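Visitor:
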Amino acid sequence: MNPQEIAARIVEEIFDMEALLGKLKRGTARRQTWQQQLHGHVQALEGLVQILRMTIMMDRPASEQLAAARDLIKATRMAALAVSGSRADQTTLATVKLIDSHARHISDAFEAELRQSVEPLARERPVRHG
2 MNPQEIAARI VEEIFDMEAL LGKLKRGTAR RQTWQQQLHG HVQALEGLVQ ILRMTIMMDR
62 PASEQLAAAR DLIKATRMAA LAVSGSRADQ TTLATVKLID SHARHISDAF EAELRQSVEP
122 LARERPVRHG
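Now the structure itself:
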C-alpha cells in the first residue's frame, strides 16, 4: 500500500470506530453495573480517538501516532474484557468486538506506514562492523 492508501484506510477506520462508539453510547442504558462500566469505557475510548486524531492533525511523528493507536488498542481490549463476562446482549458484545477490530486495523496501518518510512533509511545506511 502506498502512503495515501494507508492514510485513507486510517481515516476510514477512525470514522467507522467513532460511529460505533456513538451508537454504543446512545444505545446502552445505564441501569446495570455493566452498562455503567461500559459507558465509562466508551467515554475513555472517545477521548483516546480524539488524541489519535490530534496526533494526526498536528502531523506528529509516526512513532507518536503509533503510540496513540496502541493506547487505543489497550483500551478497546479492556472494554472487551469488561463486557465479555457481563450480561451484555449479543449485539453489544459484537459491537465491542468490532470496535476492537477497528483499533487493531488502525494500529496495523500505522505500523505499515512506519515500516515504509524506515525501510528507505535502512537501505541508505551502510552497515558497519566492529
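Residue numbers (the working numbering): 2 to 131.
C-beta: ideal position from N, C-alpha, C; glycine also.
Here the structure is a predicted model, which is why all the values come from computation and not from measurement.
(1) Give every residue of the same chain whose Cβ lies closer than 8 Å to the Cβ of residue 71, excluding the five residues on either side of it in the sequence, and list them in chain order.
(2) Please state whether the Cβ-Cβ distance between residue 67 and residue 16 is less than 7 Å.
(3) Using the C-alpha atoms, what's the distance from residue 93 back to residue 21?
(4) Terminal residues of the continuous alpha helix (DSSP H) containing residue 90?
(5) If you draw a straight line from the alpha carbon of residue 2 to that of residue 13, how long is it in whole angstroms?
Guide: Let me lay it out:
(1) 108
(2) no
(3) 10 Å
(4) From DSSP, residue 90 is part of no alpha helix (DSSP H); its letter is neither H nor E.
(5) 15 Å
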